[in-house]
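Below, the structure written as structure tokens:
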């Protein structure tokens, strides 16, 4: 077979593959009017490679992310126990602000509002453990009705039929000490400086003062202000975590 014949055969093969389509086309068999060799080729290879596998890989990659997005949306639209007065179905100011924010969500409100199960019922209240389940269910139902009435009183610029779904998810959050420690560490853990125009700018750490100097500042090695004195002082400390 000459080079021109091989080139023509390769072009014909590529054209046949392009005509079959890719992701979602189904079977691999060739057309009825194609030679028998094409049918054998389609039965031996996947003419949709790599598009078919790229689509599957994309779906598998995005599926966990989609689940996390849905979880975040549910938690954002949840009314928690602390949005009510303790062991009561009365919304406190925080609960009213939460429902107002849900109703004002852009570009349009979500019709699903989630309510945490009433877990602020005393386990050893009236009737003790024998009645705590019934008391919890009763308070949860009352709180759901309170939410329904409050959302029905929202401005009717966008008529929304809200659905109340009861969930038992833990309250998202983190210990306040973690965030406070990170905030303090921004100042006490700073160890660096900014050089501008050949002038060393001093930066104060938690353990002392350090200075940096550019080589053009004229200091001699080993002398105060020289290039060898630009490192952190022995009393400085690193980032505080």
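Residue numbers (mature numbering (1 follows the signal peptide of the UniProt record, and there is no 0)): -24 to -1, 1 to 217. Even glycine gets a Cβ: it sits at the ideal position worked out from N, Cα and C. Small disclaimer: the values here were computed from a predicted structure and weren't measured.
For residue 141, the enclosing beta strand (DSSP E) covers residues 139 to 143. Selection 96, 157, 59, 133 evaluated against residue 82 yields 133 as nearest (Cα-Cα). Bridge pairing for residue 90: 54, 141 [DSSP]. Between the region 149 to 160 and the region 55 to 73, the count of Cβ pairs shorter than 8 Å is below three; the stretches do not touch. Per DSSP, reduced to three states, the secondary structure at residue 67 is strand. Around the Cβ of residue 122, a 10 Å sphere holds 16 or more other Cβ atoms; the residue is buried. Residue 114 and residue 100 have their C-alpha atoms spaced approximately 16 Å apart.
Per DSSP, the unbroken alpha helix (DSSP H) holding residue 162 starts and ends at 152 to 164.
For residue 102, there is no enclosing alpha helix (DSSP H), since its DSSP letter is neither H nor E. Look at the beta carbons and you see the region 47 to 66 not touching the region 14 to 23: under three pairs across the two are nearer than 8 Å. Contact between residue 75 and residue 55 holds: their C-beta atoms lie close to 7 Å from each other, under 8 Å. Buried is the label assigned to residue 119, since at least 16 other Cβ atoms lie within 10 Å of its Cβ. Excluding residues up to 5 positions away in sequence, 87 lie with their Cβ nearer than 8 Å to the Cβ of residue 137 in the same chain. Ranked by Cα distance from residue 131, the options 147, 80, 38, 145 are led by 80.
Taking the Cα positions, residue 47 is about 30 Å away from residue 27.
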